[in-house]
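Chains as they are written, first to last, in our numbering: chain A, 166 to 313; chain B, 166 to 313.
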């Protein structure tokens with residue numbers, strides 16, 4: 166596992182409210198459907214529905230100790246095989262695999278696990294998000310139409 | 166506010182257990198007292214006591230909805246004046262300031278707030294952690310003795 170974080174996704178109740186808050190602080194991003202992506206150095210800070218984020222991670226958002234913490238750290242890799250390998254390695258290291266690797270709604274391939282303290286990681290291969298040589302993620306220009 | 170994240174701190178129950186988990190996945194970091202720092206691209210992923218992290222952020226770790234989520238995103242700046250300015254701007258944008266800017270135990274100056282969805286940010290000036298021209302954070306070599 167390379168030592169890097171590709172995306173930090175904040176689960177939010179209202180994407181537009183959250184976007185306005187970060188925009189008031191000077192952040193500028195791109196919105197694709199109900200998701201906002203801010204380039205932040207070599208990673209992206211993402212705003213997405215908390216309920217969808219929890220569901221997508223395979224974790225109940227129960228508001229109880231041990232339940233979903235509301236943030237997902239994504240580690241993007243260059244192939245589906247790497248997703249399988251890394252999720253397997255995490256499981257052997259004691260992670261709880263909350264979502265077995267599978268194709269995703271955006272045409273990628275990803276799995277999710279929680280670390281021993283319940284922090285959620287997604288291991289993803291997203292053909293739409295290229296990784297630089299050094300592993301940093303640079304968001305594409307979604308354009309007017311934008312990828313689906 | 167520049168568009169970047171300097172540190173992602175994961176609150177953990179047992180720093181050694183958490184460190185072993187990430188080391189099994191191939192991560193290599195530096196430990197300073199009870200805190201582990203992993204360089205990850207232009208930021209640091211940090212493991213620290215969840216209880217101390219909550220207390221340091223001024224947020225009760227009650228395990229109830231709206232309570233501490235267990236993760237803090239830090240945005241480091243180059244001066245104490247910037248800390249004051251940014252925490253003030255966040256408050257005007259609707260943030261809940263959970264810790265007014267003040268000197269920190271490590272000789273820095275920091276304040277903390279939660280965004281409209283309860284995600285915690287720390288705005289910090291840490292003279293021990295230099296920021297590159299582009300805002301990325303490169304951990305110092307803590308050495309055998311390490312800074313206090």
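Glycine included, C-beta positions come from ideal geometry on N, C-alpha and C. Given the structure is predicted, the values throughout are model-derived calculations rather than measurements.
- Query: Whose Cβ in chain A lies nearer than 8 Å to the Cβ of residue 301 of chain B?
  - Reply: The count along the second chain starts at 1 and reaches residue 301 of chain B at position 136. Residues of chain A passing the Cβ test: 206, 207.
- For residue 306 of chain B and residue 241 of chain B, the rounded distance between their alpha carbons: By one-based count along the second chain, residue 241 of chain B stands at place 76. By one-based count along the second chain, residue 306 of chain B stands at place 141. Roughly 18 Å separates the two Cα atoms.
- Message: Helix, strand or coil for residue 241 of chain A? Go by DSSP, reduced to three states.
- Response: The residue labelled residue 241 of chain A in the question sits at position 76 within the first chain. It is a strand residue.
- Task: Could you spell out where the alpha helix (DSSP H) holding residue 218 of chain A opens and where it closes?
- Result: Here residue 218 of chain A corresponds to residue number 53 of the first chain, with the count starting at 1. Residue 218 of chain A -> alpha helix (DSSP H) spans 215-222.
- Determine the DSSP secondary structure at residue 368 of chain B, reduced to helix, strand or coil. As displayed, chain B neither begins before 166 nor continues past 313, which places residue 368 of chain B out of reach and without an answer.
- Task: Give a yes or no on whether the minimum CB-CB distance between residue 192 of chain A and chain B is below 8 Å.
- Result: As a working mapping, residue 192 of chain A is identified with position 27 in the first chain. Yes, its Cβ sits closer than 8 Å to a Cβ of chain B.
- Taking the alpha carbon of residue 212 of chain A as the point to measure from, which residue in A:206, A:272, A:193 has its own alpha carbon closest? The residue labelled residue 212 of chain A in the question sits at position 47 within the first chain. That would be A:193, whose Cα lies nearest to the Cα of residue 212 of chain A.
- Message: I want to see whether chain B comes within less than 8 Å of residue 238 of chain A, judged by CB atoms only; does it?
- Response: As a working mapping, residue 238 of chain A is identified with position 73 in the first chain. Yes, residue 238 of chain A counts as interfacial toward chain B.
- Name, please, each residue of chain A whose Cβ falls closer than 8 Å to the Cβ of residue 220 of chain B. Sequence index remark: in the second chain, residue 220 of chain B carries index 55 (1-based). Result: empty, since nearest Cβ-Cβ is about 17 Å, beyond 8 Å.
- Message: For residue 197 of chain A, list the residues DSSP reports as bridge partners.
- Response: The count along the first chain starts at 1 and reaches residue 197 of chain A at position 32. For residue 197 of chain A, which the question treats as bridged, DSSP gives the partners A:200.
- Message: If distances are taken between C-alpha atoms only, which option among A:190, A:180, A:168, A:170 comes closest to residue 168 of chain B?
- Response: Here the question's residue 168 of chain B lines up with position 3 in the second chain. Per the Cα distances, A:190.
- Is there contact here, the segment 205-219 of chain B with the segment 246-258 of chain B, by at least three beta-carbon pairs under 8 Å? no
- For my contact list, residue 234 of chain B and residue 283 of chain B are in at a C-beta cut-off of 8 Å; report their separation, rounded to the angstrom. Counting from one through the second chain, the residue named residue 234 of chain B turns up at place 69. Counting from one through the second chain, the residue named residue 283 of chain B turns up at place 118. Indeed they touch by this definition, with Cβ atoms about 6 Å apart.
- Taking only the alpha-carbon atoms, compute the straight-line gap between residue 199 of chain A and residue 182 of chain B and give it to the nearest angstrom. Numbered from 1 along the first chain, position 34 holds the residue referred to as residue 199 of chain A. Numbered from 1 along the second chain, position 17 holds the residue referred to as residue 182 of chain B. About 37 Å.
- Message: Please state the DSSP three-state secondary structure of residue 187 of chain B.
- Response: As a first step, residue 187 of chain B must be located in the second chain, where it is residue number 22. Three-state DSSP puts residue 187 of chain B in a helix.
- Query: Excluding sequence positions up to five away, which residues of its chain have a Cβ less than 6 Å from the Cβ of residue 255 of chain A?
  - Reply: On the first chain, residue 255 of chain A is found 90 positions in, with the first residue counted as 1. Excluding positions up to five away in sequence, the list reads 278.
- Neighbour flag for residue 173 of chain B against chain A, beta carbons, 8 Å: Residue numbering aside, residue 173 of chain B sits at position 8 when the second chain is read from its first letter. Yes, residue 173 of chain B lies at the interface with chain A (some Cβ there is under 8 Å from its Cβ).
- Item | Where residue 264 of chain A falls, given that 16 or more other Cβ within 10 Å makes a residue buried | By one-based count along the first chain, residue 264 of chain A stands at place 99. That one is buried.
- With DSSP run on the structure shown, which of helix, strand or coil describes residue 167 of chain B? Here residue 167 of chain B refers to the residue found at position 2 when the second chain is read from its first residue. DSSP places residue 167 of chain B in coil when its eight states are reduced to three.
- Item | Rounded distance between the beta-carbons of residue 218 of chain B and residue 237 of chain B, thought under 8 Å | Mapped onto the second chain, residue 237 of chain B falls at position 72. Mapped onto the second chain, residue 218 of chain B falls at position 53. With a Cβ gap of about 6 Å, residue 237 of chain B and residue 218 of chain B count as contacting.
- Residues in its own chain within less than 6 Å of residue 300 of chain B by CB, not counting five upstream and five downstream? For this step, residue 300 of chain B is matched to residue 135 along the second chain. Contacts found: 167, 169.
- Query: Of the residues A:257, A:260, A:290, which one's Cα is nearest the Cα of residue 268 of chain A?
  - Reply: Residue mapping note: residue 268 of chain A aligns to position 103 of the first chain, counting from 1. The shortest C-alpha separation from residue 268 of chain A is found at A:290.
- Query: residue 224 of chain B to residue 176 of chain B, Cα distance in whole Å?
  - Reply: Indexing the second chain from 1 puts residue 224 of chain B at position 59. Indexing the second chain from 1 puts residue 176 of chain B at position 11. Distance between the alpha carbons of residue 224 of chain B and residue 176 of chain B is about 13 Å.
- Query: At a Cβ threshold of 8 Å, is residue 266 of chain A touching chain B?
  - Reply: Along the first chain, read from residue 1 onward, the residue named residue 266 of chain A stands at position 101. By this cut-off, residue 266 of chain A is not an interface position.
- Use the C-beta contact count for residue 270 of chain A: other C-beta atoms within 10 angstroms, 16 or more gives buried, fewer gives exposed. Here residue 270 of chain A corresponds to residue number 105 of the first chain, with the count starting at 1. Flag for residue 270 of chain A reads exposed.
- Can you tell me the Cα-Cα spacing of residue 221 of chain B and residue 308 of chain B, whole angstroms? Against the second chain, residue 221 of chain B aligns to sequence position 56. Against the second chain, residue 308 of chain B aligns to sequence position 143. Rounded to whole angstroms, residue 221 of chain B to residue 308 of chain B spans 25 Å at the Cα level.
- Item | Of the listed residues A:280, A:273, A:274, A:197, nearest to residue 262 of chain A (C-alpha basis) | For the purposes of this step, residue 262 of chain A is taken as residue 97 along the first chain, with counting starting at 1. Ranking A:280, A:273, A:274, A:197 by Cα distance to residue 262 of chain A puts A:280 first.
- Measure how close the beta-carbons of residue 304 of chain A and residue 196 of chain A come, nearest whole angstrom, since I'm counting them as under 8 Å. As a first step, residue 304 of chain A must be located in the first chain, where it is residue number 139. As a first step, residue 196 of chain A must be located in the first chain, where it is residue number 31. Going by Cβ atoms, the distance from residue 304 of chain A to residue 196 of chain A rounds to 12 Å, so no, they are not a contact pair.
- Task: Provide the residue span of the beta strand (DSSP E) that contains residue 270 of chain A, from first to last.
- Result: In the first chain, the residue the question calls residue 270 of chain A occupies position 105. That residue, residue 270 of chain A, is in no beta strand (DSSP E); it is neither H nor E in DSSP.
- For residue 261 of chain B, the residue or residues it bridges with in DSSP: Position 96 of the second chain, counted from the start, is the residue given in the question as residue 261 of chain B. Partner(s): B:279.
- Check whether the Cβ of residue 269 of chain B lies closer than 8 Å to any Cβ atom in chain A. The count along the second chain starts at 1 and reaches residue 269 of chain B at position 104. It does not: the Cβ of residue 269 of chain B has no partner Cβ on chain A nearer than 8 Å.
- Item | Under 7 Å from the C-beta of residue 186 of chain A: neighbouring residues of chain B | Here residue 186 of chain A is taken as the residue at index 21 of the first chain, counted from 1. Within chain B, the residues near residue 186 of chain A are 258, 259, 280, 281.
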